[in-house]
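S.K.: Below is one structure. I have some questions about it.
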Amino acid sequence: STPLAALCRELVGLMAHAIESGAANAPGQTFLPFDVYLPENI
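If you're matching positions, the sequence shown starts at -7 in my numbering and goes up one per residue.
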């Protein structure tokens, strides 16, 4: 499933960085860990 809390934290952090430093010269990627819930780990 999508880690919504981590996604929101990362998004707000990236927006704050863009406001402080201006736009990046090249677009970047952010990788978030995914959460997989299987019967074995519930």
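We treat Cβ as the ideally placed atom computed from N, Cα and C, and that holds for glycine.
(1) Please name the residue in Leu3, Ala(-2) and Asp27 whose C-alpha comes closest to that of Gly20.
(2) Which of the three DSSP states is assigned to Val4 in this structure?
(3) With DSSP as the reference, label Pro31 as helix, strand or coil.
M.R.: Quick answer:
(1) Stepping through the sequence shown from its first residue, residue 20 is reached at position 28. When the alpha-carbon of Gly20 is set against those of Leu3, Ala(-2) and Asp27, the nearest one is in Leu3.
(2) Taking the sequence shown and counting its residues from 1, one reaches residue 4 at position 12. Val4 falls in the helix class under three-state DSSP.
(3) Indexing the sequence shown from 1 puts residue 31 at position 39. Helix, per DSSP.
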